[in-house]
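Data first, discussion second: the structure below is written as structure tokens.
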Amino acid sequence: MWVLGIGAYLLARLIGVGVLALMAAVADEPFLDQFAPWDGQWYIDIAERGYFELGKTTLDADERLYSAAPFAFFPALPSAMSVVAVFGVPLPVAGVIVTTVAGLLAVPAIMRIAEHIDPRPCVGLVLVVLTSAAPMSITLSMVYTEALFMAAAAWALVGVLERRWWLAGACTLLAGLSRSTAVVLIAVVVAAAVWAMWREREGWRPLAAVALAPLGLLGWWATVVVATGDTWQAIELRGWNTEWDFGAEAVEWITATLTSEMRAWETIGAMIMVATVVLAVLLVRRVPWPLVAYGAGVVALTLGSSGLPFAKPRFVFVGLFVLLLPVAIGLVNRRASTLVAVLAGYVLIGTWLSAYSLTVWPHAI
Numbered sequence: 089m090w091v092l093g094i095g096a097y098l099l100a101r102l103i104g105v106g107v108l109a110l111m112a113a114v115a116d117e118p119f120l121d122q123f124a125p126w127d128g129q130w131y132i133d134i135a136e137r138g139y140f141e142l143g144k145t146t147l148d149a150d151e152r153l154y155s156a157a158p159f160a161f162f163p164a165l166p167s168a169m170s171v172v173a174v175f176g177v178p179l180p181v182a183g184v185i186v187t188t189v190a191g192l193l194a195v196p197a198i199m200r201i202a203e204h205i206d207p208r209p210c211v212g213l214v215l216v217v218l219t220s221a222a223p224m225s226i227t228l229s230m231v232y233t234e235a236l237f238m239a240a241a242a243w244a245l246v247g248v249l250e251r252r253w254w255l256a257g258a259c260t261l262l263a264g265l266s267r268s269t270a271v272v273l274i275a276v277v278v279a280a281a282v283w284a285m286w287r288e289r290e291g292w293r294p295l296a297a298v299a300l301a302p303l304g305l306l307g308w309w310a311t312v313v314v315a316t317g318d319t320w321q322a323i324e325l326r327g328w329n330t331e332w333d334f335g336a337e338a339v340e341w342i343t344a345t346l347t348s349e350m351r352a353w354e355t356i357g358a359m360i361m362v363a364t365v366v367l368a369v370l371l372v373r374r375v376p377w378p379l380v381a382y383g384a385g386v387v388a389l390t391l392g393s394s395g396l397p398f399a400k401p402r403f404v405f406v407g408l409f410v411l412l413l414p415v416a417i418g419l420v421n422r423r424a425s426t427l428v429a430v431l432a433g434y435v436l437i438g439t440w441l442s443a444y445s446l447t448v449w450p451h452a453i
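In this text, residue positions in the sequence shown follow our numbering: the first is 89, and each later residue adds one.
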């Protein structure tokens, strides 16, 4: 069945890229430039020049020279790009290759997670479609970390559900080298491992996950301190005005957006964030608690941090393969004609929103 899942994933991504090409043509924007804007250019520059060399020319949020800025970006993606580039592949293409392969690797894991909740094969297949065509799914075809992190997180959660603690720990370690959202995954994996040792009497095997899970994230944060003298959090604050504010900025942004005349992306982005909260609530009592904790944790981390409010729909994307589980189950319970019609509309809307965020919306996503 996972072969069908990979086929569905590739079809959704093909549609997404096709819609992007159409939107780029309408907006008179260079099509190929859409695959590595904003963060993508940072990863390309890091892979090409290295953190220290790039830092000689980088700026902070106030446009002052700030050599530590590149260290806000985690090393897994640029490192993988550099490996692919050894074979003569241009770095932008190498980045797309890495994210495409990572997305494909995530598919069997997503289907395995769905199978643990509902054994009907169609549920996993529908969940793959919902994830790969969701708003901001275009990042799965860009030089961005969403695909890499999603693959690592999905397999880590498979490890938790199947009590394969080495798998859970190793994949969480990789996730920690990909992006800061790993803090949620680490908490879930460590908590599940401790629970398994304490209440489920699994002996010492879960210690592998406890030991491995934090190493990637904590190792990178320690590297940042040694290399720059600043913490990663301090770099995020100075470079992007990003810090934990308990959701103050998110509440202000969503409230202002939904109660005033705003542009389309702002309104849609706010509605997406509200929807993710609803989806997180729907997970409760429907799926095992590690999945609830991961999905709700990604939403909470996204809403609870300030900086780049318009990019929050992208930040929360890596939780959708869990958050959309109740939706997938509900759709499979409907008639086949209803399922097909809803998925077709969903794919078109999700891919359009993704393309809109790149070709029409003028700010970083």
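The beta carbon of each residue, even a glycine, is placed where N, CA and C say it ideally should be. None of the values given here were measured: they were computed from a predicted structure.
Item, Value
"Residue 393 to residue 415 span [Cα, whole Å]", "27 Å"
"Sequence-distant residues of its chain with Cβ nearer than 6 Å to residue 390 (five each side left out)", "400, 403, 404"
"Burial state of residue 344, where buried means 16 or more other Cβ atoms lie within 10 Å", "exposed"
"Opening and closing residue of the alpha helix (DSSP H) in which residue 224 lies", "Note, residue 224: premise wrong, no alpha helix (DSSP H); not H, not E."
"Backbone secondary structure at residue 265 - three-state DSSP", "coil"
"Whole-number beta carbon distance between residue 183 and residue 132, since they are thought to touch under 8 Å", "7 Å"
"Same chain, Cβ closer than 7 Å to residue 209, neighbours up to 5 away in sequence not counted", "89"
"Opening and closing residue of the alpha helix (DSSP H) in which residue 121 lies", "Taken as a continuous stretch (DSSP letters only), residue 121 belongs to no alpha helix (DSSP H), as it is neither H nor E."
"Same chain only: Cβ atoms within 6 Å of residue 320, ignoring 5 sequence neighbours per side", "309, 312"
"Beta-bridge partners of residue 393, as assigned by DSSP", "332"
"Supposed contact pair residue 197 and residue 239 - C-beta distance, whole angstroms, cut 8 Å", "7 Å"
"Supposed contact pair residue 302 and residue 264 - C-beta distance, whole angstroms, cut 8 Å", "7 Å"
"Residues bridged to residue 147 [DSSP beta-bridge criterion]", "153"
"Check whether residue 115 and residue 230 have beta carbons under 8 Å apart", "no"
"Touching by the beta-carbon criterion (3+ pairs, under 8 Å), the segment 318-335 and the segment 142-157", "yes"
"Proximity below 8 Å, CB of residue 169 to CB of residue 135", "yes"
"8 Å Cβ shell around residue 498 - same chain, five flanking residues per side excluded", "This structure cannot speak to residue 498, because the chain is shown only from 89 to 453."
"Unbroken alpha helix (DSSP H) run spanning residue 412, endpoints", "Per DSSP, residue 412 belongs to no alpha helix (DSSP H) and is neither H nor E."
"Own chain partners of residue 337 with C-beta closer than 7 Å, once the 5 adjacent residues on each side are dropped", "394, 397"
"Distance, residue 217 Cα to residue 437 Cα", "13 Å"
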